[in-house]
Amino acid sequence: MRLAPYTSSRPFVTPLMVKEYVYCPAIPWIQWNYGVEPEPTPSMEEGSGAKVPRLSEVADEVGLPEPRRFELFIVDRVHGISGRVDAVGGSCRRGFGVLEYKAFPRRRVRHFRAQLLVYMLMVNTVLGPVRKGHLVVGDRHLVIEATEEVLGEAEQLVEATKRVIHRPDPPPVHVVEAKCSYCLLRKVCPVRSGVYA
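For the numbering used here, count along the sequence shown from 1 and bump the result up by 6.
Structure, rendered in structure tokens:
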């Protein structure tokens, strides 16, 4: 099934917004509706600095096919998403592999998996058929086959994120202090503050 091009006059949704949606739906709502972006923490900046030089090595380690393109910006007008993919390898004839790399270990990876799925969807739509996605978080390596179900899950995540950010009020979320305490937007979160409780 071919989707009609995304025609909203608002900016495209990004895979980072989908990642945040999976972590906590209030985050992309706040970013979209309040127009705020959190300042990167020192650890985020350190992770970003450590990431770029390692991408080629990690691509070798996971067997990402050649030729490879790093930090490739893609605009997917079919799904209304755009973003910068860490690494894409392969060709239309042999299929593509997609790599999402996080330099430091994390306990939770479900939201990073969602981010990778959206990158896989973008590459599949714009460049050609994706065969595999690789999520490397610290020393963990998750391989995801690009099945119809996986790409369909990515489409559903994108659509769910769009629905959330266009709500008039923030989405209902369960406030978990252990999780909220790490959120860079907690000071402006209307859910946590009880404004929309």
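Note that beta-carbon positions come from the ideal geometry of N, C-alpha and C, so glycine has one too.
Note that this is a predicted model, so its numbers are computed, not measured.
Can you give the Cα-Cα distance for E67 and E159, rounded to whole angstroms?
27 Å
- Query: Under a three-way DSSP split, which group does V124 fall into?
  - Reply: helix
### Query
Measuring CA to CA, which of V115, H140, R116 and V91 is closest to Y125?
V91
Worksheet item: If we count the other Cβ atoms within 10 Å of its Cβ and call it buried at 16 or more, is R119 buried or exposed?
Response: buried
Those residues which DSSP pairs with E151 across a bridge = K138
Query raised in the report: If you count every other CB in all the chains shown that lies within 10 Å of the CB of E72, and 16 or more means buried, which is it?
Result: exposed
Where F79 falls: helix, strand or coil (DSSP) = strand
Exercise for review: Using the Cα positions of H2 and V129, report the straight-line distance between them to the nearest angstrom.
Suggested key: Any answer about residue 2 is impossible in this case: the structure gives the chain only from 7 up to 203.
Does the distance from the CB of L163 to the CB of V42 come in under 8 Å? no
Worksheet item: So E43 is in the beta strand (DSSP E); what residue range does that whole segment cover?
Response: From DSSP, E43 is part of no beta strand (DSSP E); its letter is neither H nor E.
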